[in-house]
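Enquirer: Mind looking over this structure? Questions follow.
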Amino acid sequence: MRLLKVCYKTTFYTAQIAMIFYFVKFLGIRFSIRSSSVDGTKRYVAMQHNHGRLGNQIFYFCTGYVIAKRLGRTLYVPYSQSEERDFNVMRRMRWTTEIFPRLKPLYTIFEQTTINQTVVPLAYNTTNQPACCLYEDPIKLVNNLNN
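So the sequence shown is residues 0 to 146, counted in numbering that gives the first Met the number 0.
Structural data, given as structure tokens:
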């Protein structure tokens, strides 16, 4: 029984090391960011950049996707080529879709200047401050005609 535990731990650690090497491989790659062409007939919801760690990134992506889906729109990730932080966020998005290829059709990437956009406040508390973990149904925004 002890031999099985040792083998299991060794295999587990080997898998972890392999995953780390696989991730480091991606760190060395520089991604060129190309914006997708804007479809004038589609409507979009922008994902607000979050420069947090992986858990926060996943939370923002998931909530952005669900809001876009609820409104019948497509999630897009805005970026600015002049912003180093945006480049890092975009690079992480590319890595994520290489690791999880089924995420690729769920969003698109546009340069921020190519889209006319209207910012609509969502999930603010009674004192008009951004609120974490506050559910506000986005369906009330479905008729926003500006974009």
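All C-beta atoms in this analysis are idealised placements derived from N, C-alpha and C, irrespective of residue type, glycine included.
What is the C-beta distance between residue 46 and residue 58, in whole angstroms, given that I count them as a contact (C-beta under 8 Å)?
Expert: As a first step, residue 46 must be located in the sequence shown, where it is residue number 47. As a first step, residue 58 must be located in the sequence shown, where it is residue number 59. At roughly 11 Å, the Cβ-Cβ gap does not stay under 8 Å, so residue 46 and residue 58 are not in contact.
Enquirer: Can you tell me whether DSSP reads residue 40 as helix, strand or coil?
Expert: Walking along the sequence shown from the start, residue 40 turns up at place 41. In this structure, residue 40 counts as coil in the three-state DSSP scheme.
Enquirer: Report the option in 90, 56, 79, 106 whose CA atom is closest to the CA atom of residue 72.
Expert: Residue numbering aside, residue 72 sits at position 73 when the sequence shown is read from its first letter. Considering only alpha carbons, the answer is 106.
Enquirer: Can you tell which of 91, 81, 98, 100 has its C-alpha closest to the C-alpha of residue 110?
Expert: As a position in the sequence shown, residue 110 is number 111, starting the count at 1. Per the Cα distances, 81.
Enquirer: Mapping the DSSP letters down to three states, classify residue 97 as helix, strand or coil.
Expert: Here residue 97 is taken as the residue at index 98 of the sequence shown, counted from 1. Secondary structure of residue 97 (DSSP, three-state): helix.
Enquirer: Note down the Cα distance separating residue 115 from residue 42, rounded to an integer number of angstroms.
Expert: For this step, residue 115 is matched to residue 116 along the sequence shown. For this step, residue 42 is matched to residue 43 along the sequence shown. Between residue 115 and residue 42, the C-alpha separation is close to 11 Å.
Enquirer: Quick one: what's got a C-beta closer than 7 Å to residue 67's C-beta in the same chain, skipping five residues either side?
Expert: On the sequence shown, position 68 is the one that residue 67 refers to. Counting only Cβ-Cβ distances below 7 Å, and skipping sequence neighbours, we find 44, 73, 74.
Enquirer: With a threshold of 8 Å on Cβ separation, who are the neighbours of residue 96 within its own chain once the five nearest residues in sequence on each side are excluded?
Expert: Translated into positions along the sequence shown, residue 96 becomes position 97. Its chain contains 102, 103 as the residues whose beta carbon lies nearer than 8 Å to that of residue 96, once the 5 sequence neighbours on both sides are disregarded; these appear in chain order.
Enquirer: What is the DSSP secondary structure of residue 62, reduced to helix, strand or coil?
Expert: As a working note, residue 62 is residue 63 in the sequence shown. Residue state, collapsed to three classes: helix.
Enquirer: I need the straight-line Cα distance from residue 93 to residue 65, nearest angstrom please.
Expert: Start at 1 with the first residue of the sequence shown, and residue 93 comes out as number 94. Start at 1 with the first residue of the sequence shown, and residue 65 comes out as number 66. Each residue's Cα considered, the two are about 20 Å apart.
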